[in-house]
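**Q** Residues in the sequence shown are numbered consecutively from 5, following the working numbering.
Here you go, one structure.
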Amino acid sequence: MIYWDIFVAFFIPGIVGYGGGPASIPLVENEVVGRFGWMSVNEFSEMLAMANALPGPIATKMAGYIGFQQGGVLGAFVGVFATVAPSLILMILLLSLLTKFKNSPKVKKMTALIRPTIAILLGVMAFQFFTTSYEGAGLYQTTFLIGASYVLMERMKVHPAFVIVGSLAYGAVFLG
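Rendered as structure tokens:
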């Protein structure tokens, strides 16, 4: 029964929490603190602070932590699955519709219009990352990391995961 409760506690916020993790935080708190009583408000706020300190989507980190706390490894799996299930179901349904109408001129036009939008969003995100790095590490460090990353990934074909780990190590040693 605990696994069903974990599923419900994270599936409902996943459905009605339009806007991603930050929008679903109050909904998860309502389920976890108010409905099921698994945590106090103070415990929830501490868990939220810890989850914000870690990389990745906030909703899945909360689901994994609370699910593990209530039901062990299987509970963590159920919580994370319940969090991503609404998006997963919607993507599968939309993908089947897209596949069904893939030869439609309207779908082709829509797909062609989405690509520039995604490129702009990625460009804005890259600029925000640059600005944050510049403010935190300075121009020389930021320029060095950008240049080294470019050379390693584009010229030497090093896998991006290794470049990220190397950048983290560089930051820990020289910027920490």
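All C-beta atoms in this analysis are idealised placements derived from N, C-alpha and C, irrespective of residue type, glycine included.
#1: So which of Ala67, Met43, Met129, Asn46 has the shortest CA-CA distance to Thr18?
#2: Checking 7 Å against the spacing of the C-beta atoms, do Thr87 and Phe14 come in under that value?
#3: Near Ala55, what residues of its chain come up, given a Cβ to Cβ distance below 7 Å and the 5 sequence neighbours on each side ignored?
#4: Reducing DSSP to helix, strand and coil, say where Asn46 ends up.
#5: To the nearest angstrom, report how far apart Met114 and Ile93 are at their CA atoms.
#6: Should Gly71 be labelled buried (16 or more other beta-carbon atoms within 10 Å of its own) or exposed?
**A** Looking at the coordinates:
#1: To locate residue 18, count along the sequence shown from 1; it is residue 14. Thr is not the amino acid found at residue 18; the sequence shown has Gly there. For Gly18, the nearest C-alpha among the options comes from Ala67.
#2: Here residue 87 is taken as the residue at index 83 of the sequence shown, counted from 1. Here residue 14 is taken as the residue at index 10 of the sequence shown, counted from 1. In this structure, Phe14 lies closer than 7 Å to Thr87 by Cβ.
#3: Sequence index remark: in the sequence shown, residue 55 carries index 51 (1-based). The residues are Ile62, Lys65, Met66, Tyr69.
#4: Looking up residue 46 in the sequence shown gives position 42. The answer is helix: DSSP assigns Asn46 an H, G or I state.
#5: As a first step, residue 114 must be located in the sequence shown, where it is residue number 110. As a first step, residue 93 must be located in the sequence shown, where it is residue number 89. Cα to Cα, the separation comes out at about 21 Å.
#6: Counting from 1 along the sequence shown, the entry for residue 71 is found at position 67. It is buried - the Cβ of Gly71 has at least 16 other Cβ atoms within 10 Å.
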